[in-house]
Amino acid sequence: MTNEKIISDLSPRKFGTKGTVWTIILVIFTLAGIYSYSVQLNKGLEVTGLRDYAFWGIYISNFVFFVAISLVGSLVTSILRLSGAKWSIPITRISEIIAVAAIIMAGLTIIIDMGRPDRIWHLFAYGRLQSPIIWDVLVITTYLVVSVMLLYYPLLPDFSILKNKFQGAAWIKKWYGRLSLNWTGNDLQKRHYNQAIKYLSVMIIPLAFGIHTVTAWLFATTFRPGWDSTNFGPYFVSGAFVVGAGGVIATMYVLRRAYRLHEYISDDLFDKMGKLLAMLCLLYLYFNINEYLVPAYKLKKEEEIHLFSLLFGHYAALFWSVILFGLILPVVTIATPKGRKPLPLFIISIIVIITAWLKRFLIVAPTLLHPFMPMQGIPESWTAYSPTYHEWAITVGTLAMALLIMTMLVRFIPIIPIDEFKEYLKEKES
Amino acid sequence: MKIKATIKLFIFSLAYLLAATQVFSFQSEKVRPRLSVGFYNDMENGYHIKIRARARGEEGYYNLTEIPVKVYKIHEEEETELGVLTTDEEGSGLFKLTENMLKADSTGVMTYEARLEGVEGYRNASSDVEAMMCDVEINFVERDSLGFVTAKLVNALGEPLSEEDITFYLKRSFRPLTIGDDFVSTDEEGMAEAELATDLPATLNGTITVGVFIDDHYLYGTVRQEKTIEYGQVPEISNAFHERTMWGTRDKTPLWLLIFPNLILISVWGVILFLVHKLYIISKL
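Written out as structure tokens, the structure is:
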């Protein structure tokens, strides 16, 4: 594989028909979401199914989902890099793109959930450091900045290559030049670069653990049955690793097919990621058992009602589907070599992502529908939660927007780090 | 002749019977009220009369509501109308007695009468009460490191009320707490006392309100007098409002929460700024 071939294969390309259609579909869904949000802004949260019982619904489920999937950046880019797993180099950029897109949407989703987003400045003017919400704001902001840096730093050598070798539009080439910050790859630059990458890789791990632990504490610092658990931090983090890994696998497959990157994203990579996913599913299953078995053993009255609705009641079908298809099925399928082939793994990863979203819903909504004391003088309909059309449109819009951000990043930046991959091949050959 | 007389007698009897039936039926439609009057002396309303109007129905007694009852003072064969009160939904009414309504006779006795008269649908009824004012002087004494509440009772003629049963109580938010025995008898000087427990809860000012209660005396009516004294244990109320707590306001953040998270934030953002600076250095190299 020559340098020229690598650069040619990995340079960003214009979208073909499929890419354009995909982008248009995403734009349509995003615009539909924006329109529904404008209706919500105008009429208030009355247009949602949120009421006195379920004051958090699919918006918060969405928020937690985005925070979870953003953890993949730290998993692949940092943990695997620091542990010397050079095979992950082709997927580090994909992971960082997913992380940045997800964490941006996590921040926006929280604002969408606010009935009065004009009061967001109150967070800074009146925020209390004792509040888990403030911790979440601080850690999400910090994680976003570090994720962007972790995406940008490795792009320096790639932008430098592209400013000379890019075959596309001149204005894009010009921007590559500007963003490359005069990178020439001399020893001094490399020394600073390597030091920065090391700092970033180390720093992002506790940040990633922190962001999801603090998000878990938004729930765990309450007394509500189903949320009042010291297990929530690691439970959320392990779940985030699962959905993050699933997200990477799904994106790997799509991009490999779309850009014909079979030489770079090999079947062996899928095999390794599959094993990683299986291990993470088992870990998450362990935390699930902790989360439900211990309260089921003690069976405090309030927990009993909540657990019954999850395990045998209204949410039973959804709960067991999530466990079966989201955790057990992946492990069983991936256990076989055939299950670790790209297509089966892609299907499994899509199922993992969907069930992960549903799991977040099961964490948020059922607990709220079983308060300690029933509320008096409210309509019967408020004791149940059913998302409205507006909520679904906005939620789908946010998902579409996340995919749109990823699509735009894929359009303009190399999906696989060119310079790092060249170095990796050089090392492999030597 | 005989037949004519008989017919006349028959017609007359019939007419009499009819008239009598009308009268009796008219009279049996009217409610027969039962009035009860009591004389009261308490801290809230001073001297007053409480009137209760009831009637007997098929299922027992029931209250007569919204009924005007006139109150009279009978003084040496002279009666003076003091006013009118209207009974409430419980059939009761309270008539406050002002100073000029408290004129007693030579024996110190006052007589009041409540009358229900001229009210359509009701028969006339009345009830009276004879009462004498009495004065209760409450004090606090300390003896042998023990606290006692004392009461001295004298009537309107200045005579001590001896061998009268009174109740000492501690005033509380809902129900009073009896101090000592349920009933304490006054001595020949009209004095009685009760020992105060050392652990009585006081207000935040360190005071308690003690009272004396005489229940429905045949002459003095119902008496309730109170006095606030400095006694009792001031409760220790934990008020964490001014402390630095996790549930406090933003200016009362616990110090450990101020220090450590801010140290972490400063460190992390310091590194971020350092890395941004590195980008600048790289661009210059």
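Quick note, the sequences are listed as chains A and B, same order. Counting in the working numbering, the first sequence runs from 446 upward without gaps. Counting in the working numbering, the second sequence runs from 253 upward without gaps. Glycine included, every Cβ here is placed at the ideal spot set by N, Cα and C.
| Taking buried to mean at least 16 other C-beta atoms within 10 Å of its own C-beta, is ASP454/A buried or exposed? | buried
| query | Which partner residues of THR203/B appear in the DSSP bridge assignment? | reply | Here chain B has residues from 253 to 537 only, and residue 203/B is not among them.
| Bridge-paired residues (DSSP) for THR338/B | PRO320/B
| For a contact meaning CB atoms closer than 7 angstroms, what does VAL591/A contact in chain B? | ILE524
| So what's GLN612/A in DSSP terms, helix, strand or just coil? | coil
| According to DSSP, residues forming a beta bridge with ARG286/B | ARG306/B
| task | Write down every uninterrupted run of the alpha helix (DSSP H) in the segment 591 to 638 of chain A whose length is 4 residues or greater and which is fully enclosed by it, in chain order. | result | 600 to 610, 615 to 624
| query | How far does the beta strand (DSSP E) with GLN477/B in it reach, from first residue to last? | reply | 473 to 482
| query | If the cut is a Cβ gap below 7 angstroms, which residues of chain B does THR828/A touch? | reply | Neighbours of THR828/A on chain B: none; closest Cβ ~29 angstroms, over 7 angstroms.
| Under the three-state reduction of DSSP, which class applies to GLU296/B: helix, strand or coil? | coil
| query | Is there at least one non-hydrogen atom of the ligand FMN closer than 6 angstroms to the beta-carbon of TRP521/B? | reply | Here there are no bound small molecules, and the ligand FMN is not part of this structure.
| Whose Cβ in chain B lies nearer than 8 angstroms to the Cβ of GLY572/A? | ARG502
| query | ILE451/A and LYS867/A: beta carbons closer than 7 angstroms? | reply | yes
| Limits of the unbroken alpha helix (DSSP H) element including ARG701/A | 677 to 704
| According to DSSP, is ALA551/A helix, strand or coil? | helix
| field | Cross-chain neighbours of HIS657/A in chain C, by beta carbon under 8 angstroms | value | Of the protein chains in this structure, namely A and B, none is chain C.
| Beta-carbon gap between SER625/A and PHE604/A smaller than 7 angstroms | yes
| Beta-carbon proximity list for GLU351/B, same chain, < 6 angstroms, skipping 5 on both sides | none
| said: What does the Cβ neighbour count give for ALA845/A, buried or exposed, with the cut at 16 atoms within 10 Å? | reply: buried
| request: Sort out for me which residues DSSP pairs LEU448/B with in a bridge. | output: GLY399/B
| For the candidate residues PRO428/B, ALA444/B, ARG306/B, whose alpha-carbon lies nearest to that of SER378/B? | ARG306/B
| message | Measuring straight from C-alpha to C-alpha, what distance separates GLU874/A and TRP521/B? | response | 40 angstroms
| field | According to DSSP, residues forming a beta bridge with GLU389/B | value | LYS404/B
| said: Tell me which residues share the same chain as THR863/A and place their Cβ nearer than 7 angstroms to its Cβ, disregarding the 5 neighbours each side in the sequence. | reply: Here residue 863/A is Ile; the residue named in the question, Thr, does not match the sequence. Taken in chain order, the residues that qualify are ILE451, ILE452, LEU455, ASP603, ILE606.
| Can you find a C-beta in chain A that's less than 7 angstroms from the C-beta of ILE534/B? | yes
| said: Looking only at its chain, what residues have a beta carbon closer than 7 angstroms to the beta carbon of LEU525/A, apart from the 5 residues adjacent to it on each side? | reply: SER533
| query | Just curious, the beta strand (DSSP E) that SER344/B is in, first and last residue? | reply | 344 to 348
| task | Go ahead and label THR447/A buried or exposed: buried means 16 or more other beta carbons lie within 10 angstroms of its beta carbon, across all protein chains shown. | result | exposed
| task | Could you tell me whether the Cβ atoms of THR658/A and GLY630/A are closer together than 7 angstroms? | result | no
| Grouping DSSP H, G and I as helix and E and B as strand, with all else coil, what is GLU874/A? | helix
| request: If I'm right that ILE779/A touches GLY719/A with Cβ under 8 angstroms, what's the distance once you round it to whole angstroms? | output: 5 angstroms
| field | Beta carbon of LYS608/A nearer than 7 angstroms to that of TYR621/A | value | yes
| Measuring CA to CA, which of MET550/A, THR833/A, LEU568/A, PRO787/A is closest to LEU700/A? | PRO787/A
| Just how far apart, CA to CA, sit HIS835/A and THR843/A? | 12 angstroms
| Distance between GLU488/B and LEU728/A (C-alpha atoms, nearest Å) | 51 angstroms
| So is THR447/A in contact with chain B if we call contact Cβ pairs under 7 angstroms? | no
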